[in-house]
Amino acid sequence: MSPKPAYLEASNYLAALDADWAGLIATVGPCELQATATREPYEALVRAIAYQQLHARAAEAILGRLIALYPDGAFPSPAALLATDPELQRRCGLSASKLATIRGIAQAALEGRVPDLASARQLSDEALIQQLVPLRGVGRWTVEMMLIFTLERPDVLPVDDYGVREGYRRLKGLEKAPTPRQLRDIGLAWHPHRSTAAWYLWRVPKTVGIQQQEAGGTPPPGPAG
Numbered sequence: 007m008s009p010k011p012a013y014l015e016a017s018n019y020l021a022a023l024d025a026d027w028a029g030l031i032a033t034v035g036p037c038e039l040q041a042t043a044t045r046e047p048y049e050a051l052v053r054a055i056a057y058q059q060l061h062a063r064a065a066e067a068i069l070g071r072l073i074a075l076y077p078d079g080a081f082p083s084p085a086a087l088l089a090t091d092p093e094l095q096r097r098c099g100l101s102a103s104k105l106a107t108i109r110g111i112a113q114a115a116l117e118g119r120v121p122d123l124a125s126a127r128q129l130s131d132e133a134l135i136q137q138l139v140p141l142r143g144v145g146r147w148t149v150e151m152m153l154i155f156t157l158e159r160p161d162v163l164p165v166d167d168y169g170v171r172e173g174y175r176r177l178k179g180l181e182k183a184p185t186p187r188q189l190r191d192i193g194l195a196w197h198p199h200r201s202t203a204a205w206y207l208w209r210v211p212k213t214v215g216i217q218q219q220e221a222g223g224t225p226p227p228g229p230a231g
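With the working numbering applied, the sequence shown corresponds to residues 7 to 231, in that order.
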């Protein structure tokens with residue numbers, strides 16, 4: 007698969023910053039960020055919640071069992087999800103808190119508080135974050151995953167993500183990972199390609215032999231804590 011021109015431009019921009027970035031990009035190769043641009047925000051948020059703090063395979067297994075509850079094998083609509091016995095959904099492997107959050111997202115989608123895809127495309131990154139983080143269990147990281155992996159926004163840096171901060175620590179050989187505030191300041195130099203920068207930082211541990219989930223277009227485990 008050939009990288010999209012925008013990702014190639016971003017990779018070249020980052021590689022020109024310094025030798026560390028150039029070495030990382032040479033090792034990892036072209037950015038292969040795979041966004042699902044036709045996915046509705048409701049589904050993107052539900053999937054991000056399912057992935058949070060889990061390995062990709064575990065999250066996919068849970069989502070697979072959830073989707074299997076519905077006869078057509080398609081991702082359930084908000085109404086269908088809410089009409090399902092919560093106990094059946096719990097048996098898919100969702101924690102009580104994640105299930106409450108997912109059902110809350112479905113209710114918010116029915117009420118119009120989660121925009122549809124066409125509406126979301128018209129809103130800025132920050133406007134979407136401010137609209138969605140008041141939902142129970144939905145934090146900034148959850149919305150940022152939607153921005154990167156569904157809406158293909160090019161300049162999102164999820165500074166609360168442990169994998170991103172740890173990736174930067176390893177990239178630069180630091181004793182401690184930067185705080186979210188510190189990484190936000192550091193990341194100003196990566197504008198307007200911070201989504202691509204995050205994609206590469208998620209892969210730093212993998213390139214030095216550390217076992218960490220992250221493949222293709224799947225979101226990372228999420229913020230620490």
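Beta carbons: idealized from backbone N, C-alpha and C, even for Gly.
If contacts are defined as beta-carbon pairs under 8 Å, then residue i and residue j qualify, I think. What distance do you get, rounded to the angstrom?
i: C98; j: L60; result: That belief does not hold up - the Cβ atoms of C98 and L60 are roughly 13 Å apart, past 8 Å.
i: I108; j: V52; result: 5 Å
i: T42; j: T202; result: Rounded, the Cβ-Cβ distance is 17 Å, inconsistent with contact.
i: L94; j: L75; result: 6 Å
i: A115; j: P77; result: That pair is no contact at about 21 Å.
i: P36; j: Y13; result: 7 Å
Which one of the options has the shortest CA to CA distance from residue i?
i: E46; options: A124, A183, D167 and S17; result: A124
i: F81; options: V210, G29 and G70; result: G70
i: L180; options: A32, T44 and R171; result: R171
i: A67; options: A56, P77 and Y76; result: A56
i: R209; options: P184, A195 and Y174; result: Y174
i: P186; options: L157, R146 and Y206; result: R146
i: K104; options: H197, R190 and A65; result: A65
i: L88; options: Y168, P77, A112 and G79; result: A112
i: P92; options: G79, G110, T44 and H197; result: G110
i: E49; options: A126, V162, H199 and D161; result: A126
i: M163; options: L141, S130 and P198; result: This sequence places Leu at residue 163; Met is not what is there. Nearest of L141, S130 and P198 to L163, Cα basis: P198.
i: A54; options: R96, A195 and D167; result: D167
i: S130; options: D161, P140 and L141; result: D161
i: G3; options: G79, Q58 and L141; result: Examination of residue 3 is not possible in this model, given that the chain is present from 7 through 231 alone.
Leaving out five residues before and five after residue i in sequence, what residues of the same chain have Cβ atoms less than 6 Å from its Cβ?
i: L138; result: V144 and V149
i: A183; result: R171, E172 and R175
Within a Cβ cutoff of 8 Å, which residues of the same chain sit near residue i, ignoring the five residues on either side of it in sequence?
i: A21; result: W27, A28, I31 and A32
i: L177; result: D26, W27, L30, L207 and V210
i: R142; result: A106, T107 and G110
I need the straight-line Cα distance from residue i to residue j, nearest angstrom please.
i: L23; j: L153; result: 25 Å
i: A106; j: R159; result: 28 Å
i: I192; j: V34; result: 21 Å
i: A25; j: K10; result: 23 Å
i: A86; j: W205; result: 34 Å
i: V120; j: E132; result: 14 Å
i: A62; j: E117; result: 30 Å
i: T44; j: D122; result: 11 Å
i: R200; j: E38; result: 15 Å
i: Q40; j: T90; result: 31 Å
i: A16; j: W196; result: 9 Å
When you measure from the CB of residue i to every non-hydrogen atom of the ligand HEM, does any distance come out below 7 Å?
i: S83; result: In the structure shown, the ligand HEM is absent, as is every other ligand, since no ligand is present at all.
Could you have a look at residue i and say whether DSSP puts it in helix, strand or coil?
i: D26; result: helix
i: E117; result: coil
i: D166; result: coil
i: F81; result: coil
i: L14; result: helix
i: L20; result: helix
With 8 Å set as the bound, which would you pick, yes or no: does the beta-carbon of residue i sit closer than that to a beta-carbon of chain E?
i: G110; result: Given the protein chain composition of this structure (a single chain), no chain E is represented.
Using a Cβ-Cβ cut-off of 7 Å (strictly less than) and excluding sequence neighbours within five positions of residue i, which residues of its own chain qualify?
i: I135; result: R146 and V149
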